[in-house]
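Visitor:
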Amino acid sequence: MIKSKEWDWSGNINEYWKNVAGEFIPLALQWKARDFKKVLDLGCGIGRNALYLAKLGFSVSAFDLSADGLSQLRQTAQTENVNIDLMLGDMLKLPYESGYFDCLLAFHSIYHTDFSGLTRILAEIYRVTRPGGEIFITLNSKEADAWNLYSQRRIDEYTLLKTEWAEVDVPHTYLDYKDIVNLLKDFQILKIQQIFDYEEDRRHAHFFVTASRV
Ligand SMILES: C[S@@+](CC[C@H](N)C(=O)[O-])C[C@H]1O[C@@H](n2cnc3c(N)ncnc32)[C@H](O)[C@@H]1O
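Residue numbers (numbering that gives the first Met the number 0): 0 to 213.
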């Protein structure tokens with residue numbers, strides 16, 4: 000399994016990472032209406048989604064491998080007077096009790112590993128989410144331009160190492176639809192969308208997945 004590597008949050012941070020992920024808002028509101036309380040933001044970064052959830056009244060745990068990301072989140076949480084439980088660590092092994100969370104968000108985070116790492120992380124996600132709970136995760140699609148653009152940086156048939164910006168040498172796993180169905184066989188998949196974003200000359204492609212922990 001490839002060694003984990005955190006994002007470098009010390010440089011200039013694009014506005015994108017400072018505002019809640021809009022695609023997640025409807026589900027967050029549903030979770031709130033269904034009285035889900037305990038939520039884990041896995042790979043929280045500087046915490047745009049954790050902050051949003053805390054302000055909605057969830058009891059939020061935020062987990063990341065980047066001490067710098069967590070320290071920025073601690074400061075923002077203090078300034079904005081919200082309470083978030085922060086934890087530093089590697090998502091390959093989570094420090095939470097089994098069945099602790101009602102729901103779990105992993106936005107653009109759990110694909111920062113290779114295929115066997117992803118398998119292990121999904122087993123941890125399954126373990127820490129209670130039966131009847133729900134998860135929202137995003138995964139990289141092989142239809143993203145990056146999969147071909149960085150082909151010389153591939154380390155296996157699913158994984159490459161990026162070379163740019165906050166992600167130098169950070170692993171990225173790319174999948175297709177069938178891989179996801181297979182990886183999530185212990186969950187009940189509620190929804191899979193493939194989302195394309197166009198940025199200058201580059202096409203990004205992600206799967207957005209909602210699933211129930213049976
Ligand atoms: C693309 S950022 C997404 C941050 C956040 N989820 C958001 O949507 O703003 C990916 C985050 O995953 C974290 N990460 C990468 N590998 C990790 C690992 N093995 N364990 C915990 N966090 C990890 C990175 O440090 C980074 O903060």
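Ideal Cβ placement from N, Cα and C applies to all residues, glycine included.
1. Quick one: does the C-beta of Trp6 sit closer than 7 Å to a heavy atom of ligand 1?
2. Looking at the strands, I want to know which residues DSSP matches up with Ile134.
3. Helix, strand or coil for Ser70 per DSSP?
4. Report yes if the C-beta distance between Arg119 and Leu148 is below 8 Å; otherwise report no.
5. In terms of residues, what are the limits of the beta strand (DSSP E) holding Val59?
6. Do the CB positions of Val38 and His111 come within less than 8 Å of each other?
7. Please determine whether the Cβ atom of Asn48 lies at a distance below 7 Å from any heavy atom of ligand 1.
8. Measuring from the CB of Ser70, is there a heavy atom of ligand 1 at a distance below 7 Å?
9. Does the segment 11-26 come close enough to the segment 171-185 to have 3 or more Cβ pairs within less than 8 Å?
10. Are Glu166 and Trp6 close, meaning C-beta to C-beta below 8 Å?
11. Given a cut-off of 8 Å on the beta-carbon distance, is the pair Met86 and Ser60 in contact?
12. Buried or exposed for Tyr51, please, with buried defined as at least 16 other CB atoms from any protein chain shown within 10 angstroms of its CB.
13. Is it a yes or a no for the segment 133-144 touching the segment 197-206, going by three-plus beta-carbon pairs under 8 Å?
14. On the premise that Asp113 lies in contact with Asp155, defined as a C-beta separation below 8 Å, what is that separation, rounded to the nearest angstrom?
15. What are the start and end residues of each continuous alpha helix (DSSP H) run of 4 or more residues lying completely inside the segment 123-210, in chain order?
16. Could you tell me the distance, in whole angstroms, from the CA atom of Val31 to the CA atom of Leu104?
17. Is Met90 near ligand 1, in the sense that its beta carbon is under 7 Å from a heavy atom of that ligand?
18. Determine the contact status of Gly88 and Phe106, defining contact as a CB-CB distance below 8 Å.
19. Pull the bridge partners of Ile83 from the DSSP assignment, please.
20. Leu93 by DSSP, collapsed to three states: which one?
21. Pull up the CB-CB distance for Leu72 and Ala49, whole angstroms please, since I reckon it's below 8 Å.
Guide: Short version:
1. yes
2. Leu103 and Ala210
3. helix
4. no
5. Ser58 to Asp63
6. no
7. yes
8. no
9. no
10. yes
11. yes
12. buried
13. yes
14. 6 Å
15. 144-148 and 176-182
16. Rather than Val, the amino acid found at residue 31 in this sequence is Lys. Straight-line Cα distance between these residues: approximately 13 Å.
17. yes
18. no
19. Val59
20. coil
21. 7 Å
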